[in-house]
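Heads up, the thing below is written out as structure tokens.
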Amino acid sequence: MKNLLEIQNAHVYIGSFYILQGISLVVPKGEVTLLLGRNGSGKTTTMKSILGIYPPKEGKIVFKGEEISNLPTHKIVNKGMGYVPDTRRIFGTLTVEQNLVVSMRKGSSREDMQKRLDLIFDLFPDMKGFLKQRAGTLSGGQQQMLAVARALMNENDLLLIDEPTEGLSPLLAKNLIDSLDRLKEFATILLVEQNFRTVSKLGDNYYIFDNGKIVHEGTNMSELIDDKALVAQYLGVSI
Amino acid sequence: MTMQTKRFSPRDYLEENPQVRKLLRITVVIALIIIGGLLVLAAIDVYTWNGFVVRASKSLVNGLALSMLLFLMVSGFFLIFGLCDVINFAHGAFFMLGGFMGFVIYLGTEAVFLDPALPFYLIFGANQFALSVTAFIVSALGAAAVLALIGGGIEFFTIRRLYGNPIAQILLTVGFMFVITQIVEIIWGPSQFSYFIISNSQITYFFISGLLDFGGGLQFAVYRIFLIFLGLAVAGLMFIGFRKTRIGLLVQAGIEDSEMVEALGTDIRKLFTIVFMLGAGLAGLSGAVLVPWIGANSGHGLTYLIFAFVIVVVGGAHYGRLEGTFFGALIVGLSIQFTSYFIPFLENIIVFIIMAIILIVRPGGLTGHE
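If you read the sequences in order, they're chains U and A.
With this note's numbering applied, the first sequence covers 13 to 251.
With this note's numbering applied, the second sequence covers 116 to 485.
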């Protein structure tokens, strides 16, 4: 099985709004797939429809060869997905450690937890220092580390990461991207990012969204960066 | 071009002038101490020193007992509201029904234990203390279990279909409040009738029907002191459960962001049903332990529902803090009992006066945001 995830002609509505208008994409196993595009182009909705939060009215979503389009969110996630939402959505009243505990799936043992923590501390050594701190008091960068760490508390095949560098300073964003680069060893990644230059070194292939449709796809990030017309038209950056 | 006129705002002025704010705070504290002192002096003048001590002690014991009972009831209301975002108008009716369940289960258990044809008679026939204790435990847990099942059933079959539709939820739970109250009134009659265990028991004995007498009129019902400890024990268990168990942490996380909890792999619907059962079970438990003191009465549903609202608002529990229900219940329970002993004409309205003051001074309640 080459493709870990496939979306086939998905049409997604949020209330009466027609958001995703027939998108199809594949996420090959072991690679990083980028979803690019302006604000409101449908990237986050794509993530949420994979997760079953906004299931498609038409079309199919297939994960590890199995259709998941109409399953409830928790069942989809438990098939091996980790989710890092935009705006982080950490649980501010809990400590960092408690955030990690609630992220572990039912039936995980203490040894599993230690193993996952070792991986997290390896990626984010600073986290050891604020494990007992209330998550609501963390800085933006620390919150983002926690949001990623939560998705790593289980052995997941696919990580859905939405706008990880949003609101971070350039240095923090670079450190985070370096950590995500190391994550490639452990899981396939579907990454939403507006600031495509920051993540260009990560991406193996990419899709560009505009008004709920996929308008361009490719596998060569450096070609994309050089295609000034395309970048200006769809990624909202004029050079 | 329009001219912008800046309106004078006392809040902004105080923010900009911390020294004035500090001075104002000190003045308010001193004024409150003086007013409190004057009230105490006036009470001593009216009731004499001895009368004051007796009334104050009784207010304190009864107030703490009532507070703990209210906390048990409201913590269930809070859990359902916090996690499921459902304002359960039927919660007072759950509490009231819990009272009747406690009453019926107590007397039923007692009748079984006193039946010479059954083996229980050998254990309890001659030991009224053991009988009374066991029947009480069975009645409290039984009422909690019955109400947990009713609450879970209501969530599973009706409310589950209405998440995200608050108006429909309110109408539905108000409907359940009326239905439950009506059923209770058909069986046990209207709110003029209160049902007490001791007057209906075959053995006219309840395990803590005694009085603690310290002389000089200082008498306390043992059951009310027992209620204080029971409430504290359950509160302690809840706080520990909330912070130390996985399910407690999940509930806390869900109160903040239930969609995210589900996106991390938890079946949030199942958690909602569990919390609904827990909340309704707490209402049943608190209703059952109220019976030996205040009795079972079909009018309790509405009265205690209103207390639940006041406690949540006063404590600031609507900002997701369980502690808020505890402090809110303490304020409501103590203020009702103190006014009933010292300023009886205010007894029925004191909680609303306190709520109004807190809403004006601290709109987020005691533990919520300002």
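Glycine residues also receive a C-beta, built at the ideal position from the N, C-alpha and C atoms.
These numbers were taken from a predicted model, which means no experiment stands behind them.
- Per the Cβ contact rule, the region 221-233 of chain U is not in contact with the region 191-203 of chain U (fewer than 3 Cβ pairs under 8 Å).
- With a threshold of 7 Å between beta carbons, Q110/U makes contact with chain A.
- Counting only residues of its own chain and dropping the five nearest sequence neighbours on each side, G94/U has a CB closer than 6 Å to the CB of A163, N168 and L171.
- Between I173/U and the set K118/U, S181/U, S191/U and P182/U, the nearest pair of CA atoms involves S191/U.
- Shown here for M165/U: same chain residues with a beta carbon closer than 7 Å to its own, the five before and five after excluded, namely L112, S115, M116 and R128 in chain order.
- In the same chain as G230/U, and ignoring 5 residues on each side of it, the C-beta atoms closer than 8 Å to its own belong to N217, Y218 and L236, in chain order.
- For H23/U, the nearest beta carbon of chain A is not closer than 7 Å to its own beta carbon.
- Look at A205/A here: in three-state DSSP terms it is coil, with no helix or strand label.
- Within the same chain, and ignoring the five residues on either side of Y434/A in sequence, the residues whose Cβ sits closer than 8 Å to its Cβ are G479, G480, T482, G483 and H484.
- V211/U has a beta carbon lying at 7 Å or more from every beta carbon in chain A.
- Taking the CA atoms as reference points, L179/A sits about 14 Å from Y456/A.
- Residues of chain A with a Cβ closer than 8 Å to the Cβ of Y95/U are, in chain order, A378 and L379.
- For K140/U, the three-state secondary structure derived from DSSP is helix.
- Not flagged as an interface residue toward chain A: V74/U, since no C-beta distance is shorter than 7 Å.
- Residue burial annotation: R140/A is exposed, with fewer than 16 other C-beta atoms found within 10 angstroms of its C-beta.
- Closest by C-alpha distance to I252/A, out of A232/A, Y278/A and G223/A, is G223/A.
- Per DSSP, the beta-bridge partners of M93/U are L170/U.
- One thing to note: N51/U has its Cβ no nearer than 7 Å to the Cβ of G34/U.
- Distance from S413/A to E300/A at the Cβ level is roughly 5 Å; contact confirmed, criterion being Cβ atoms closer than 8 Å.
- If you check each beta-carbon in the region 82-93 of chain U against every beta-carbon of chain A, the ones closer than 7 Å belong to T85, H86, V89 and N90.
- Per the C-alpha coordinates, the member of L393/A, S373/A, M392/A and F341/A positioned closest to P407/A is F341/A.
- Of all C-beta pairs linking the region 259-269 of chain A to the region 389-404 of chain A, three or more are shorter than 8 Å, placing the two stretches in contact.
- Taking each of Q367/A, I468/A and Q452/A in turn and checking the Cα distance to L106/U, the smallest one comes out for Q367/A.
- Residues of chain U whose Cβ lies closer than 9 Å to the Cβ of A283/A do not exist; the shortest such Cβ separation is about 17 Å.
- Against chain A, the CB of F103/U has a partner CB under 7 Å away; the residue lies at that interface.
- The beta carbon of D98/U sits closer than 8 Å to those of T56, D174, E175, E178 and V204, all from its chain and outside the five residues before and after it, given in chain order.
- Within the region 46-95 of chain U, the complete beta strand (DSSP E) segments of 3 residues or longer fall at 70-75, listed in chain order.
- S36/U carries a strand assignment under DSSP once its states are collapsed to helix, strand and coil.
- Look at K213/U here: in three-state DSSP terms it is coil, with no helix or strand label.
- Here the alpha carbons of L347/A and I355/A stand approximately 12 Å from one another.
- At a beta-carbon threshold of 8 Å, the residues of chain A lying near L63/U are A378, ordered along the chain.
- Note that the C-beta distance between S247/A and Y320/A is below 7 Å.
- Within the region 430-483 of chain A, the runs of alpha helix (DSSP H) at least 4 residues long that lie entirely inside it are, in chain order, 437-457 and 465-476.
- With fewer than 16 neighbouring CB atoms inside 10 Å of its own CB, N463/A falls in the exposed class.
- Residues of chain A with a Cβ closer than 8 Å to the Cβ of R117/U are, in chain order, G380.
- Look at L364/A: its C-beta is under 7 Å from a C-beta on chain U.
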